[in-house]
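Following the numbering used here, the numbering of the sequence shown begins with 7 at its first residue and continues without gaps.
For every residue, glycine included, the Cβ atom is placed at its ideal position computed from N, Cα and C.
Given the structure is predicted, the values throughout are model-derived calculations rather than measurements.
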Amino acid sequence: MFAIPLIIASVLLTVRGYHLAEDSLRQSESEGKIWAVIVAGSSNWWNYRHQSDVCHLYHLLTKQHGIPRKNVITMMYNDIAFNEENPRQGEIINAVHGKDVYEGVMIDYMGKDVTPQNFLDILSGKSLSVGSGKTLKSGPKDTVFVNFVDHGGPGVLGFPTDELHVTDLTKTLESMHADNRYKQMLWYVEACYSGSMFSKLSPNMNITAHTASNTDESSYACVKDEDLHVYLGDCWSLNWMNNTEQIFPNLEKETVEQQYEIVKEMTTESHASIYGDLTYIYSEPISAFLGHPGAATETEPVLKRNVKYQSTATPDVLLEYLREKREKATNNDDAERLDQEIRYHSQTEGKVQEILEQISRQVTGSWDMVAVFSRRPLSIEHPECNKDVLSAFFSQCYKMQTHPYITKYLFRLTNLCNMYNSGSIVDAVLDNCSFN
Numbered sequence: 007m008f009a010i011p012l013i014i015a016s017v018l019l020t021v022r023g024y025h026l027a028e029d030s031l032r033q034s035e036s037e038g039k040i041w042a043v044i045v046a047g048s049s050n051w052w053n054y055r056h057q058s059d060v061c062h063l064y065h066l067l068t069k070q071h072g073i074p075r076k077n078v079i080t081m082m083y084n085d086i087a088f089n090e091e092n093p094r095q096g097e098i099i100n101a102v103h104g105k106d107v108y109e110g111v112m113i114d115y116m117g118k119d120v121t122p123q124n125f126l127d128i129l130s131g132k133s134l135s136v137g138s139g140k141t142l143k144s145g146p147k148d149t150v151f152v153n154f155v156d157h158g159g160p161g162v163l164g165f166p167t168d169e170l171h172v173t174d175l176t177k178t179l180e181s182m183h184a185d186n187r188y189k190q191m192l193w194y195v196e197a198c199y200s201g202s203m204f205s206k207l208s209p210n211m212n213i214t215a216h217t218a219s220n221t222d223e224s225s226y227a228c229v230k231d232e233d234l235h236v237y238l239g240d241c242w243s244l245n246w247m248n249n250t251e252q253i254f255p256n257l258e259k260e261t262v263e264q265q266y267e268i269v270k271e272m273t274t275e276s277h278a279s280i281y282g283d284l285t286y287i288y289s290e291p292i293s294a295f296l297g298h299p300g301a302a303t304e305t306e307p308v309l310k311r312n313v314k315y316q317s318t319a320t321p322d323v324l325l326e327y328l329r330e331k332r333e334k335a336t337n338n339d340d341a342e343r344l345d346q347e348i349r350y351h352s353q354t355e356g357k358v359q360e361i362l363e364q365i366s367r368q369v370t371g372s373w374d375m376v377a378v379f380s381r382r383p384l385s386i387e388h389p390e391c392n393k394d395v396l397s398a399f400f401s402q403c404y405k406m407q408t409h410p411y412i413t414k415y416l417f418r419l420t421n422l423c424n425m426y427n428s429g430s431i432v433d434a435v436l437d438n439c440s441f442n
């Protein structure tokens with residue numbers, strides 16, 4: 007059922023809205039190019055908001071801000087527009103009663119090609135034999151903007167079937183810096199615990215990262231559409247895009263620091279944070295990364311929104327979605343199936359906490375120490391250990407893509423890396439997850 011819509015969508019998205027002549031007029035290259043890599047890392051209907059955010063952003067960058075489409079690399083699973091649950095077939099919206107933001111989006115990597123390794127290879131400028139093959143060809147005069155939207159945990163970001171770990175991202179960024187693959191780089195990341203991906207980022211690499219949340223909290227979904235039964239966007243992402251639209255076309259008059267401060271004030275659900283270079287990039291206009299609106303761009307901004315709608319912590323969206331579907335179910339078979347799903351996930355959330363306690367008890371040898379490591383997230387001091395233990399848990403216990411509520415408790419596992427070696431923690435994970 008997925009293959010046919012995916013093929014149709016692929017044809018649509020590689021034809022509609024692409025004008026070579028228009029792109030040739032867009033961006034002056036005398037002072038370097040602007041490149042953008044935008045990623046929705048999730049799949050499934052209840053994660054609608056992630057692909058919605060990315061589609062909205064694509065149009066901001068290309069149609070309004072003048073970044074050539076050839077310089078924008080897009081990754082998204084592409085299972086929303088033609089999803090069987092979508093009453094607006096072939097469309098995605100990012101605001102209640104909003105315009106379609108799907109048409110015209112050039113998706114370079116979709117479906118099984120949306121992987122952390124492909125993402126890192128794109129950033130590294132390596133040749134890819136999948137998707138469009140487009141990769142980041144930036145140089146020492148160029149600025150790079152990266153936007154990532156999905157689930158996250160301590161030192162980890164989600165992709166549809168795999169994970170990106172902070173240790174691998176850091177190595178790629180260090181390599182890009184050493185190879186002079188950019189002049190400046192700006193990251194905007196929407197995910198739970200997103201600050202943990204950049205809290206150790208060197209201030210001397212010409213990289214600044216804005217995150218929707220700090221190192222130890224969830225991000226939030228916003229704007230519930232009662233007809234679609236999903237959230238249309240993420241609170242922080244909607245806020246920064248809304249701010250960008252409000253100042254359009256004067257992007258050169260707001261600095262990276264100013265947008266950060268404005269959006270931090272707008273985002274009341276989580277603590278928007280900033281890491282890395284807080285000196286040079288901080289004072290750059292956002293137009294240096296988001297584009298320079300000019301005569302060749304569409305001058306009518308997308309609908310401006312004052313986002314004051316229902317919000318829910320990202321890890322709780324799945325169960326909320328299932329419960330609301332159950333309330334509206336009129337078919338007995340559907341109601342019974344939904345009851346079973348809700349019971350399963352509710353019981354699994356409790357089971358995960360028990361498993362993590364048993365792992366901690368086995369590693370530390372003390373229930374008192376279990377309480378210590380369960381209090382709050384600690385800073386990630388050993389990223390390789392963090393990767394090893396989370397990879398073991400995701401492969402042997404539960405994955406955050408299918409069980410997003412587990413991200414609320416994963417710090418109880420990763421905290422152990424600050425005192426114990428990865429081997430003993432991984433052994434405990436394998437011992438306590440043998441049920442799978």
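- At a Cβ-Cβ threshold of 9 Å, Gly282 and Lys147 do not count as neighbours.
- Exclusion of the five residues before and after Leu296 leaves Leu67, His71, Phe151, Thr250, Leu257 as the residues of its chain whose Cβ lies within less than 7 Å of its Cβ.
- DSSP links Pro74 through a beta bridge to no other residue.
- Excluding five sequence positions before and after Ile268, the CB atoms of its chain that fall closer than 7 Å to its own CB belong to Asn249, given in chain order.
- Spanning the alpha carbons of Lys189 and Tyr350 requires a straight line of approximately 49 Å.
- In terms of Cα proximity to Trp52, the closest of His235, Ser130, Thr214, Leu207 is His235.
- In this structure Gly239 is buried. Its beta-carbon is surrounded by 16 or more other beta-carbon atoms within 10 angstroms.
- Scanning Val120, Gly371, Glu290, Met406 for the CA closest to the CA of Tyr426 turns up Gly371.
- The criterion of a C-beta distance shorter than 9 Å is not satisfied by Arg75 and Met116.
- Asp106 carries a strand assignment under DSSP once its states are collapsed to helix, strand and coil.
- Fewer than three beta-carbon pairs drawn from the region 206-213 and the region 258-267 are found closer than 8 Å, and the two stretches are therefore not classed as touching.
- Between the beta-carbon of Ala278 and that of Thr221 there is about 13 Å, and that puts the pair past the 8 Å contact cut.
- Excluding residues up to 5 positions away in sequence, Lys206, Leu207, Pro389 lie with their Cβ nearer than 8 Å to the Cβ of Thr176 in the same chain.
- Straight-line measurement puts the Cα of Glu169 at about 9 Å from the Cα of Gln407.
- Per DSSP, the continuous alpha helix (DSSP H) segment holding Asp127 begins and ends at 122-130.
- Under DSSP, Thr149 forms a beta bridge with Ile40, Gln190.
- With contacts defined as CB atoms closer than 9 Å, Tyr83 and Ser58 fail to qualify as a contacting pair.
- The residue from Glu387, Tyr327, Ser144, Met272 with its alpha-carbon nearest to that of Tyr54 is Tyr327.
- As a beta-bridge residue in DSSP terms, Phe154 pairs with Val45, Val195.
- Under the three-state reduction of DSSP output, Lys334 falls in the helix class.
- About 16 Å separates the beta carbons of Glu330 and Tyr411, which is beyond the 8 Å limit, so they are not a contact pair.
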